[in-house]
Amino acid sequence: MLPGLDFERTGRWLLAAWIASVALFVGVPSIDLWISAAFWRSGTGFPLGNRELWDLLRNLLWDIEIVVFVIALVACLRSLARRRPVLGMPARAWAYVWSVFLIAPVLMANGVLKAYSGRARPANIVEFGGDSLFTRAGEITDQCQRNCSFVSGEVSSAVALSVTLWLASVMWRGLEGWQRGYIRVVAVLIPVFVTLQRISAGRHFASDAVFGALLTLTAAWALYALFSGQRPWRRGGEGRS
1 MLPGLDFERT GRWLLAAWIA SVALFVGVPS IDLWISAAFW RSGTGFPLGN RELWDLLRNL
61 LWDIEIVVFV IALVACLRSL ARRRPVLGMP ARAWAYVWSV FLIAPVLMAN GVLKAYSGRA
121 RPANIVEFGG DSLFTRAGEI TDQCQRNCSF VSGEVSSAVA LSVTLWLASV MWRGLEGWQR
181 GYIRVVAVLI PVFVTLQRIS AGRHFASDAV FGALLTLTAA WALYALFSGQ RPWRRGGEGR
241 S
């Protein structure tokens, strides 16, 4: 079984985050331009995007996320076949991890939104030396043909990795308190780093990162109800076990 979760409380926080993000980035779209402008320099564009160490870490994380996605499927099948946990987690937990990656970053972020939103990346818009028009978050446009800016697939995938690490910190037995704390700190820092790298490189607006993160967190929340076997929709069923 998966650990219990207070679905009602978590859902309220997610809803509040969605409302605040829509109000900020859709209601005041210039916020995106203001944040990206802080990293842009006339004549050099987005210089922080040329830092080799940042790019190396970003690519390393991307590779790790792919490996975790594959491992989750293999571990799930192996756990089902052996009828016992693999790497400290049961088949249901691995199926949950694999589904979060599949639904959020693979299908929703990269498969649908980035493919059809048409939002140009910061480095490609007129305000930052490009020839495309700026459009606010969530607006369907034709300023980009493929692999567009909205939402950030890398942030979405980074959050999926963070969800995996957080779940592991809860389920892995034998961990000391400091070890659990360390894993959780890393889980938080990963999407923070990816967000800063993508914005500073001129590859994404802040809203791309925020909505990419919220997309994954919401998918993770909904899928948890399915895979945990809890029933948060029942009165008083916060999902604690």
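In the numbering used here, the protein residues as written are 1 to 241.
Each residue gets a CB set at the ideal place from its N, CA and C atoms; glycine is no exception.
How many Å lie between R173 and G88 at the Cα?
Using only the alpha carbons, I get a separation of about 7 Å.
Since I125 sits in a beta bridge, which residues does DSSP pair it with?
Paired residues: S132.
Taking the alpha-carbon positions, what's the V192 to A160 distance?
Straight across, the Cα-Cα distance linking V192 with A160 is about 13 Å.
Separation of Q197 from N147, as counted between CA atoms
Cα atoms of N147 and Q197: separation of roughly 17 Å, rounded to the nearest angstrom.
Taking the C-alpha atoms as reference points, what is the distance between V86 and A115?
The straight-line gap separating the alpha-carbon atoms of V86 and A115 is approximately 36 Å.
Contact check, I35 vs A206, beta carbons under 8 Å:
For I35 and A206, yes; Cβs fall inside 8 Å.
The alpha helix (DSSP H) that contains R78, what's its start and end?
Residue range 52-82 is occupied by the alpha helix (DSSP H) that includes R78.
Less than 8 Å between the beta carbons of A17 and L214, yes or no?
The answer is yes: Cβ separation under 8 Å.
Residue ranges of each alpha helix (DSSP H) within the segment 142-193, 4 or longer
153-171, all fully within the segment 142-193.
Residue range of the unbroken alpha helix (DSSP H) whose run includes V100:
DSSP places V100 in the uninterrupted alpha helix (DSSP H) bounded by 91-101.
In or out: I125 buried (at least 16 other Cβ within 10 Å) or exposed?
I125 should be labelled buried.
Please check if any C-beta of chain C sits within less than 8 Å of the C-beta of Q143.
Here chain C cannot be found, since the structure has a single protein chain.
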